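**Student:**
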Amino acid sequence: MSLDIAQIKADFPLLSREINGKPLIYLDSASSSQKPAAVLDAMDHYYRHSNANVNRGAYQLAVEATDALEGARAAIARFIGAPNAHEVIFTKNATEAMNLFAQSWGRSNLSEGDVVVLTEMEHHANIVPWHMLVQALGIELRWIPITDSGELDLTDLDRLIDGAKLVSVTAMSNVLGTLNPIRRIADAAHAVGAVMLTDGSQYVPHLPTDVTELGVDAMAFTGHKMLGPTGIGVLWGTTELLEAMPPFLGGGDMIMQVTKDGFTTNDLPHKFEAGTPAIAEIVGLGAAVEYLESLGMEQVREHEVSLTAYAMRTLTERFGEDLTIHGPAEPAGRGGVLSLAYKDIHPHDMSQVLDQRNVCIRAGHHCAKPLMQVMGVGATARASMYVYNDEQDVDSLADAIESADDIFGLGG
Amino acid sequence: MSLDIAQIKADFPLLSREINGKPLIYLDSASSSQKPAAVLDAMDHYYRHSNANVNRGAYQLAVEATDALEGARAAIARFIGAPNAHEVIFTKNATEAMNLFAQSWGRSNLSEGDVVVLTEMEHHANIVPWHMLVQALGIELRWIPITDSGELDLTDLDRLIDGAKLVSVTAMSNVLGTLNPIRRIADAAHAVGAVMLTDGSQYVPHLPTDVTELGVDAMAFTGHKMLGPTGIGVLWGTTELLEAMPPFLGGGDMIMQVTKDGFTTNDLPHKFEAGTPAIAEIVGLGAAVEYLESLGMEQVREHEVSLTAYAMRTLTERFGEDLTIHGPAEPAGRGGVLSLAYKDIHPHDMSQVLDQRNVCIRAGHHCAKPLMQVMGVGATARASMYVYNDEQDVDSLADAIESADDIFGLGG
Amino acid sequence: MAGLEDLYKEIILDHYRNPRNKGELETPPAHKAEGFNPLCGDEIVVYVDIDDDGVIQDIATGGQGCSISQSSASMMSAAVKGKSIEEALAITDGFKAMMSIHESGLESEKADTKPDLSMGDLSALKGVVKFPVRIKCAVLSWNTLLQALGDAARPS
Amino acid sequence: MAGLEDLYKEIILDHYRNPRNKGELETPPAHKAEGFNPLCGDEIVVYVDIDDDGVIQDIATGGQGCSISQSSASMMSAAVKGKSIEEALAITDGFKAMMSIHESGLESEKADTKPDLSMGDLSALKGVVKFPVRIKCAVLSWNTLLQALGDAARPS
Ligand SMILES: Cc1ncc(COP(=O)(O)O)c(C=O)c1O
Ligand SMILES: Cc1ncc(COP(=O)(O)O)c(C=O)c1O
C-alpha cells in the first residue's frame with residue numbers, strides 16, 4: 010500500500026506557504042525537515058497544559074511533564090529498536106551526541122597513538138570531535154577512502170582497522186546519499202576488538218532502523234531532520250557501554266550525591282542528561298516518531314526510492330551530459346539526496362537562481378569539507394527529498410535548473 | 010506605574026487550566042516558568058512559516074530563519090546589556106553554559122593546585138563541572154560560607170580569593186532567594202587577577218540585568234526560567250575572554266576550515282555553536298525577552314518585591330513560630346523564592362498535600378545538596394513566584410498549608 | 370482521583386513519628402549500605418547484623434526523608450528483623466511486587482484481590498501505588514536493604 | 370523583490386568567466402593570504418607584491434567560489450593593481466561601504482544617491498546588497514586583500 014503524498018503534504022503547514030504567489034518547493038530536508046502539525050500541536054499542548062520541570066516535582070503538572078518525557082523516550086527507543094529506553098540519551102543535536110561520545114568514551118578509552126577509523130565522507134560532526142582528541146590525546150585518525158562512484162572503498166578495510174579502538178562511520182552520506190554497509194563494518198570492527206559508532210543523522214529519518222540489526226555499539230541522530238523540532242538529538246548506546254562511560258556534562262539530575270568534596274553519578278539515562286532537559290522538544294520528537302510510525306517506515310523508504318529513481322531519470326533525460334549527479338547510480342543503494350553539478354554554474358549561483366522560483370536547495374560544502382577535497386570540488390548543489398515530496402517537486406526542480414541557462418546566457 | 014497582574018495572567022494559557030474543577034496555583038517558577046502565548050506563537054509561526062536550517066542557505070526561508078535567529082540574539086544581548094551580540098553564545102541550558110565555560114576556559118587556564126572559589130549556596134550546575142576539573146586537573150575548590158540568615162559571609166573574602174584563578178558565584182540563590190553582591194565580589198576577584206563568572210539563572214529572569222554594571226567576565230542563564238522555551242540557555246562572555254577560549258563542541262558551523270589533518274575555528278559566536286542551533290527555541294527566547302521588556306524589568310522586580318513582602322507577612326502572621334522561612338528577612342534583599350519549613354511535616358509530604366489543592370511547589374534539595382548539608386536539612390519546601398503571581402496565590406498557599414494540619418493530625 | 374487518606378494512613382504516620390530500629394550498629398560485625406533518592410534528596414542507611422546461620426540478628430536504619438520513606442524503613446526493619454536472609458528476600462520481593470501493581474494496571478483495583486502476602490503493617494503502604502511519584506520513596510529502604518544483604522553475602 | 374538581473378550583470382559574468390590576474394606569485398617577495406567563507410565553502414587566495422615605495426606592483430588571486438566571489442576578486446585585483454597601499458585601502462573602504470548600504474537602509478535606494486566612488490566595473494556589484502546573503506561572497510576577496518596588506522606591513 011503506497012502513501013498518499015498529497016495528503017501527507019497537507020499535514021505540513023509550511024508546505025502550503027506561497028512566496029510571491031507561487032508555491033514553495035522544499036528540497037532541503039537533508040539540512041532540516043519540515044514539521045507536521047501533529048508535532049507542533051504536541052509541543053504547544055505540552056506548554057499550554059502540562060509545562061513544568063521534570064523528575065523532581067510531586068505535583069500533578071510535574072508528573073504529567075515527566076510522563077510525557079519518558080513516554081517519548083520509550084517511543085524513540087522503540088523506533089530505533091533499542092532494547093532499553095534508558096539507552097536513549099537526549100542531547101541538543103547529533104553534534105552534541107558525537108561530542109558526548111568522543112569526550113566521555115574517548116577520553117576514558119583512548120590515549121596517545123590509539124587509532125580511530127573514520128571515512129572520507131563524514132560530516133564535520135564526526136570529524137572535528139576526533140581532531141580535538143588528536144590535539145588533546147595524540148590519537149591517530151585513519152580514513153576509509155571512497156570510490157569514484159561515491160561508495161566506501163573497503164578493499165583495504167582489514168589493514169585500516171587493524172589495531173583500531175574505534176570505528177565511526179556515517180550510515181548514510183549527507184552529500185552523496187550513499188548507504189554504507191554498517192553491519193559489515195561493525196562486524197569487522199568487533200572482530201578486531203574495536204567499538205563501532207555510527208552517525209545515523211541521515212539514516213534514522215528515512216529508513217526502518219534497528220540498532221541491534223545494524224550491529225553497532227552506539228549511534229547518534231538528530232531530531233530536526235526527522236520531522237521533529239530543533240534543539241533535540243539522541244545518543245543511543247548499549248547499556249554496557251553507557252554504564253562504563255564517565256559523565257560528560259556535570260550539574261543537576263546527573264548526580265546521585267554531591268558534597269563539597271565530590272559527587273557520584275545517577276543511573277542511566279540521567280547520568281548523561283545534566284540540567285533541565287529539552288522537555289517540549291523531546292515531546293515533539295516523540296510525536297514525530299509516532300507520525301512516522303503511522304506512515305510506516307517501510308513505506309517512507311519505498312516512496313523515497315521511487316522518487317529518487319524518478320528524479321535521477323528525469324534529470325538525466327532532460328540535461329544529459331550537462332548535469333552530473335554525484336554518488337551511487339542505483340536508487341536502491343542510496344537515499345534521496347542528490348548532489349548536482351550543472352555546466353559551469355557554481356552551486357551557490359544555482360541555488361540563488363532556483364530560489365527565484367521558490368525551489369529551496371542547499372549549496373555549499375554541507376559540513377563535509379574533507380569529502381569536497383576528495384571530490385575535487387568546493388561545493389555542490391544539493392536537492393534532498395522526504396516523504397512529503399512528489400514528482401511535481403522534481404519537475405519544478407528541473408524547470409528551475411533549465412531557467413538558469415537564460416540567466417547565465419548559456420542557452421542554445 | 011504598576012503592572013496589571015490579572016491581565017498578565019491571562020497572557021499565560023496554562024494558568025487558566027483547572028484540575029478537578031479548581032484553578033491551578035503555580036508557585037514553582039524558580040524551577041521552570043510558564044510561557045506567555047506570545048512566546049508559543051513566535052515558535053509556532055517560525056515552524057509554520059520560516060523553518061529551515063540557518064547560516065548556510067541562499068533561499069528565502071533560510072534567510073528568514075537566520076534573520077530570526079540573529080534578531081533574537083540581538084534582543085537577548087540588549088536585554089542583558091551585552092556590548093556585542095556575538096558575545097551571546099547559545100547553549101541548551103544554563104548547565105551546558107557552565108560546562109562550556111569549565112571545559113573550555115577551565116582546561117586551558119587551570120592546572121594542578123589552581124584555585125576556583127565557589128559559594129556554599131551554589132546550584133549543582135556551578136559545582137559538579139568544577140568537581141570534574143578537580144578529578145581531571147587537580148584544581149582546588151574553596152567555598153565562601155553563608156551566614157545563619159542565608160547570606161554570603163564575606164568576612165574572609167580576601168583570604169579565600171587570594172591566589173584564585175576564578176571566582177564563580179550565583180547572582181541569586183535558587184533556594185534562599187538571596188541576592189548576592191556580585192559587583193563587590195567581581196571587583197575583589199579582579200583585584201587579585203581572577204576571572205569572575207556568575208550564574209544568572211535566577212537573576213536574569215527577575216531583575217534588570219546589565220553585565221557591565223555587574224562587573225563580571227561571563228554569565229550563564231537559562232531560557233525556560235524566564236518565560237522562554239526549554240532547550241535553550243546562554244553563556245555570555247566578554248569578547249576578549251571568548252576569543253581566547255578554545256572551542257568546546259566540535260562539528261558543523263564552528264569551523265573555518267577542516268581537512269583530514271585538522272581544523273581551524275570560526276569567529277564568535279559560531280566558534281561555540283556546533284551543529285544545528287536550537288533555532289525555534291532561540292526565536293522563542295527572543296520573544297520572551299521582548300515580552301519582559303514590554304512589561305519593564307523594573308516593574309517586574311517591583312511587583313516581586315511587594316508580593317514577596319506580602320507572602321512573608323502573611324505566612325508569619327498566620328503560622329507564627331510553626332513556620333520558618335529560610336533566607337534573608339528583608340524582601341528587598343531577596344527574590345521571590347521562599348523555602349519553607351512547617352512543623353515536623355517533611356517538605357515532600359507538604360508538597361503532596363498542597364498538590365491536593367492544586368498548589369504547585371517544589372520539595373527537595375533543589376540541586377543544591379552542599380547547601381542542604383550546611384543548612385542541616387535534607388530538603389526544603391519551596392514556593393517561588395513570578396510576574397504572573399498575585400496575593401490570591403499567596404493566600405491559597407497559606408490555606409493549603411493550614412490544611413496539612415488536618416491530614417497529619419496536628420490540628421489544635 | 371486518589372485521596373490523601375489512602376496515602377497518609379494512621380499507621381504510616383505512627384511509624385514516621387516513632388520509627389522502629391532507628392540508629393546505628395557497629396561495623397563490623399554489621400554491614401552498612403547507603404541509599405539515595407537523587408530526585409528528592411531522601412537518604413537511607415541500613416545496618417544489618419547477620420549471624421552464622423544467616424539470620425538477621427539485628428537491624429538499624431538511619432537517614433532522613435519524607436513520611437513514606439521513613440515509615441517504610443521502619444516497617445521494613447520490623448518485618449525482617451529475626452528473619453533469615455531468604456525470608457527477608459521473599460518479603461522484599463513481596464513488597465516490591467505490591468509497589469509495582471501500578472504498572473500492571475491500577476484502575477482495576479487488583480491491589481485488593483492479590484493473594485495476601487501477610488504483610489501486616491506493610492499493607493498500609495499499599496495506597497502509595499496510587500501516587501506513582503511516591504513509590505520511589507517507599508522502596509528506597511528496601512533497595513538499600515538488598516545492598517546491605519548483598520554486601521554481607523560477599524566474601525570479605 | 371529584487372530580480373536576478375540586479376545580481377548577475379553581464380560584466381560580473383564576464384569577470385567570472387575570464388578572471389583577471391588569476392594565478393600565483395612567488396612568496397617571498399609576494400605576500401600571501403587565504404580567506405574562507407565558512408558557510409558556503411568559498412576560498413580565496415590573494416598574493417600581493419609590494420615595492421619599496423609601497424605600490425602594489427603585482428597581484429594574483431586564486432581559490433574557488435561562486436560567480437560573485439570570483440568576479441569580485443577579479444575586479445578587486447584589477448582595481449588595486451598599480452595603486453599605492455593607501456589608495457588600495459581607500460578603494461577597499463569604498464567598496465565595503467557600498468556593500469554595507471544594506472544595513473543603513475536599502476529601501477530608500479540611497480545606493481544610487483551616494484557620492485560616486487568612481488568604482489568603475491566595481492559598481493556592477495552594487496546589486497549584491499539586495500541579496501544580503503551574497504554580501505559575504507562579494508567582500509571575501511577584499512578582506513583577504515586586507516590580510517595580505519597587513520602581512521606586508523608587518524616587519525619581517
Ligand atoms: C541557580 C541555578 N543555576 C543553574 C540552574 C540550571 O538551569 P538548567 O537546568 O536550565 O540548566 C538552575 C535551575 O535549575 C538554577 O536555579
Ligand atoms: C550525516 C550528518 N551528521 C551529523 C549532522 C549534524 O546534525 P546536527 O547539526 O543536528 O547536530 C548532520 C546534519 O547537519 C548530518 O547530515
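Chains as they are written, first to last, in the working numbering: chain A, 10 to 421; chain B, 10 to 421; chain C, 370 to 525; chain D, 370 to 525. For each residue, glycine too, the CB sits at the ideal point set by N, CA and C. Note that this is a predicted model, so its numbers are computed, not measured.
#1: Could you please tell me which residues of the region 259-277 of chain A, in chain order, have their CB closer than 8 Å to any CB of chain B?
#2: Can we count Met-384 of chain A as close to ligand 2, meaning its CB is less than 8 Å from some heavy atom?
#3: Whose Cβ in chain D lies nearer than 8 Å to the Cβ of Asp-358 of chain A?
#4: Does the CB of Gly-372 of chain C have a neighbour CB from chain B at under 9 Å?
#5: Suppose you measure from the CA of Asp-262 of chain B to the CA of Glu-96 of chain A; what does that come to, to the nearest Å?
#6: With distances taken from CA atoms, which of A:Pro-337, A:Val-213, A:Met-306 and A:Leu-347 is nearest Leu-324 of chain A?
#7: Following a CB-centred definition, is Asn-135 of chain A positioned closer than 8 Å to any heavy atom of ligand 2?
#8: Going along chain C, which residues have a C-beta under 7 Å from Gln-365 of chain B?
#9: Could you spell out where the beta strand (DSSP E) holding Asp-427 of chain D opens and where it closes?
#10: Express the C-alpha separation of Ala-388 of chain A and Leu-349 of chain A in angstroms, rounding to a whole number.
#11: Using only CA atoms, which one of B:Pro-45, B:Arg-343 and B:Leu-363 lies nearest to Leu-185 of chain B?
#12: In chain order, what residues of the same chain have a beta carbon less than 8 Å from the beta carbon of Glu-250 of chain A, not counting five sequence neighbours either side?
#13: Going along chain C in order, which residues have a C-beta closer than 8 Å to the C-beta of His-95 of chain B?
#14: Alpha carbons only, please: which of A:Arg-151, A:Thr-248, A:His-357 and A:Leu-49 is nearest the one belonging to Asp-270 of chain B?
#15: With DSSP as the reference, label Ser-492 of chain C as helix, strand or coil.
#16: Within 10 angstroms of the Cβ of Ala-15 of chain A, are there 16 or more other Cβ atoms? Answer buried if so, exposed if not.
#17: Using a Cβ-Cβ cutoff of 7 Å, what residues of the region 29-54 of chain B are near chain A? List them in chain order.
#18: Quick one: grab the DSSP three-state call for Cys-369 of chain A.
#19: Can His-132 of chain A be considered in contact with ligand 4, in the sense that its beta carbon sits closer than 8 Å to one or more heavy atoms?
#20: Would you list the one or two residues that DSSP bridges to Ile-139 of chain A?
#21: Output yes if chain D places a C-beta closer than 9 Å to the C-beta of Thr-9 of chain B; else output no.
#22: With 9 Å set as the bound, which would you pick, yes or no: does the beta-carbon of Leu-23 of chain A sit closer than that to a beta-carbon of chain B?
#23: Can you tell me whether Val-184 of chain A is helix, strand or coil according to DSSP?
#24: Where in the region 229-312 of chain A do unbroken runs of the alpha helix (DSSP H), each at least 4 residues long, occur, reported from the N-terminal end onward?
#25: Hey, out of A:Asp-364, A:Thr-333, A:Asp-358 and A:Gly-345, whose CA is closest to Tyr-351 of chain A's CA?
#26: Can you list the residues of chain A that Leu-509 of chain D reaches, using a CB-CB cut of under 9 Å?
#27: Return helix, strand or coil for Arg-523 of chain C, following the three-state DSSP convention.
#28: With a 10 Å radius around its C-beta and 16 neighbouring C-beta atoms as the bar for buried, classify Ala-200 of chain A as buried or exposed.
#29: Just verifying my parser: in three-state terms, what is the DSSP assignment at Gly-115 of chain B?
#30: Quick one: is the Cβ of Ala-39 of chain A within less than 8 Å of any heavy atom of ligand 2?
#31: Candidates A:Val-403, A:Thr-248, A:Asp-404 and A:Leu-304: which alpha carbon is nearest Ile-17 of chain A's?
#32: How many Å lie between Leu-161 of chain B and Gly-345 of chain B at the Cα?
#33: I want to verify the contact list: residues of chain B whose CB lies under 8 Å from the CB of Pro-388 of chain D, in sequence order.
#34: Just the Cα atoms here: how many angstroms apart are Glu-105 of chain A and Asp-76 of chain B?
#35: Does Asp-490 of chain D have its Cβ less than 9 Å from a Cβ in chain A?
#36: For Asp-485 of chain C, is the classification buried or exposed, using 16 other Cβ atoms within 10 angstroms of its Cβ as the cut-off for buried?
**Tutor:** So, from the listed chains and residues:
#1: So the close ones are Gly-259, Gly-260, Gly-261, Asp-262, Met-263, Ile-264, Gln-266, Val-267, Thr-268, Lys-269, Gly-271 and Phe-272.
#2: Mapped onto the first sequence, residue 384 of chain A falls at position 375. Met-384 of chain A: no, Cβ never under 8 Å from ligand 2.
#3: Position 349 of the first sequence, counted from the first residue, corresponds to residue 358 of chain A. Close to Asp-358 of chain A, with beta-carbon spacing below 8 Å, are these residues of chain D in chain order: Tyr-377, Cys-435, Ser-436 and Ile-437.
#4: For this step, residue 372 of chain C is matched to residue 3 along the third sequence. Yes, Gly-372 of chain C lies at the interface with chain B (some Cβ there is under 9 Å from its Cβ).
#5: Reading the second sequence from its first residue, position 253 is the one you call residue 262 of chain B. Reading the first sequence from its first residue, position 87 is the one you call residue 96 of chain A. Roughly 28 Å between the two C-alpha positions.
#6: Translated into the one-based positions of the first sequence, residue 324 of chain A becomes position 315. Per the Cα distances, A:Leu-347.
#7: Residue numbering aside, residue 135 of chain A sits at position 126 when the first sequence is read from its first letter. Indeed, a heavy atom of ligand 2 lies less than 8 Å from the Cβ.
#8: The count along the second sequence starts at 1 and reaches residue 365 of chain B at position 356. Ordered by position in chain C, the residues that pass the 7 Å Cβ test against Gln-365 of chain B are Leu-373.
#9: On the fourth sequence, residue 427 of chain D is found 58 positions in, with the first residue counted as 1. Per DSSP, the continuous beta strand (DSSP E) segment holding Asp-427 of chain D begins and ends at 425-433.
#10: On the first sequence, residue 349 of chain A is found 340 positions in, with the first residue counted as 1. On the first sequence, residue 388 of chain A is found 379 positions in, with the first residue counted as 1. Taking the CA atoms as reference points, Leu-349 of chain A sits about 10 Å from Ala-388 of chain A.
#11: Walking along the second sequence from the start, residue 185 of chain B turns up at place 176. That would be B:Arg-343, whose Cα lies nearest to the Cα of Leu-185 of chain B.
#12: Within the first sequence, numbered from 1, the residue matching residue 250 of chain A stands at position 241. The residue you asked about is not Glu; residue 250 of chain A is Leu in the sequence shown. Once the five neighbours on either side are set aside, the close Cβ partners of Leu-250 of chain A are Trp-114, Val-204, Asp-226 and Ala-227.
#13: Locating residue 95 of chain B in the second sequence gives position 86, counting from the first residue. Residues of chain C passing the Cβ test: none, with the nearest at roughly 38 Å.
#14: On the second sequence, residue 270 of chain B is found 261 positions in, with the first residue counted as 1. Of the residues A:Arg-151, A:Thr-248, A:His-357 and A:Leu-49, the one whose Cα lies closest to the Cα of Asp-270 of chain B is A:Arg-151.
#15: Against the third sequence, residue 492 of chain C aligns to sequence position 123. Ser-492 of chain C carries a helical assignment under DSSP once its states are collapsed to helix, strand and coil.
#16: Numbered from its first residue, the first sequence carries residue 15 of chain A at position 6. Answer is exposed; the Cβ neighbour count stays below 16.
#17: Within the region 29-54 of chain B, the qualifying residues are Asp-37, Ser-40, Ser-41, Gln-43, Lys-44, Leu-49 and Asp-53.
#18: Here residue 369 of chain A is taken as the residue at index 360 of the first sequence, counted from 1. Here DSSP, grouped into helix, strand and coil, assigns Cys-369 of chain A to strand.
#19: Ligand 4 is not part of the structure shown, which contains ligand 1 and ligand 2 as its ligands.
#20: Here residue 139 of chain A corresponds to residue number 130 of the first sequence, with the count starting at 1. Ile is not the amino acid found at residue 139 of chain A; the sequence shown has Trp there. Bridge partners of Trp-139 of chain A: none, in fact.
#21: Within the shown structure, residues of chain B are numbered from 10 to 421, placing residue 9 of chain B beyond reach of any answer.
#22: Taking the first residue of the first sequence as 1, we reach residue 23 of chain A at position 14. Taking Cβ atoms only, chain B reaches closer than 9 Å to Leu-23 of chain A, which makes this a yes.
#23: Translated into positions along the first sequence, residue 184 of chain A becomes position 175. In the structure shown, Val-184 of chain A sits in coil (DSSP, three-state: anything other than H, G, I, E or B).
#24: Scanning the region 229-312 of chain A for uninterrupted alpha helix (DSSP H) segments of 4 residues or longer gives 248-253 and 288-304, listed from N- to C-terminal end.
#25: Position 342 of the first sequence holds residue 351 of chain A. The residue among A:Asp-364, A:Thr-333, A:Asp-358 and A:Gly-345 with its C-alpha nearest the C-alpha of Tyr-351 of chain A is A:Thr-333.
#26: Taking the fourth sequence and counting its residues from 1, one reaches residue 509 of chain D at position 140. None at all; the shortest Cβ gap to chain A is about 12 Å.
#27: For the purposes of this step, residue 523 of chain C is taken as the residue at position 154 of the third sequence. Arg-523 of chain C falls in the coil class under three-state DSSP.
#28: By 1-based counting over the first sequence, the position of residue 200 of chain A is 191. Counting Cβ neighbours within 10 Å, Ala-200 of chain A comes out exposed, since fewer than 16 surround it.
#29: For the purposes of this step, residue 115 of chain B is identified with residue 106 of the second sequence, where counting begins at 1. DSSP, reduced to helix, strand and coil, places Gly-115 of chain B within a helical segment of the structure shown.
#30: As a working note, residue 39 of chain A is residue 30 in the first sequence. It does: the Cβ of Ala-39 of chain A is within 8 Å (strictly closer) of some heavy atom of ligand 2.
#31: Counting from 1 along the first sequence, the entry for residue 17 of chain A is found at position 8. Measuring from the Cα of Ile-17 of chain A, the nearest candidate turns out to be A:Leu-304.
#32: Residue mapping note: residue 161 of chain B aligns to position 152 of the second sequence, counting from 1. Residue mapping note: residue 345 of chain B aligns to position 336 of the second sequence, counting from 1. Rounded to the nearest angstrom, the gap between the Cα atoms of Leu-161 of chain B and Gly-345 of chain B is 18 Å.
#33: Taking the fourth sequence and counting its residues from 1, one reaches residue 388 of chain D at position 19. Neighbours of Pro-388 of chain D in chain B, taken as residues whose beta carbon is under 8 Å from its own, are absent, since the nearest beta carbon is some 22 Å off.
#34: Against the first sequence, residue 105 of chain A aligns to sequence position 96. Against the second sequence, residue 76 of chain B aligns to sequence position 67. Spanning the two alpha carbons is a distance of roughly 24 Å.
#35: Indexing the fourth sequence from 1 puts residue 490 of chain D at position 121. By this cut-off, Asp-490 of chain D is not an interface position.
#36: Locating residue 485 of chain C in the third sequence gives position 116, where the first residue counts as 1. With a pLDDT of only 44 at Asp-485 of chain C, under 50, the local geometry of the prediction cannot be trusted, and the value read off the model is given with reservation. Label assigned to Asp-485 of chain C: exposed.
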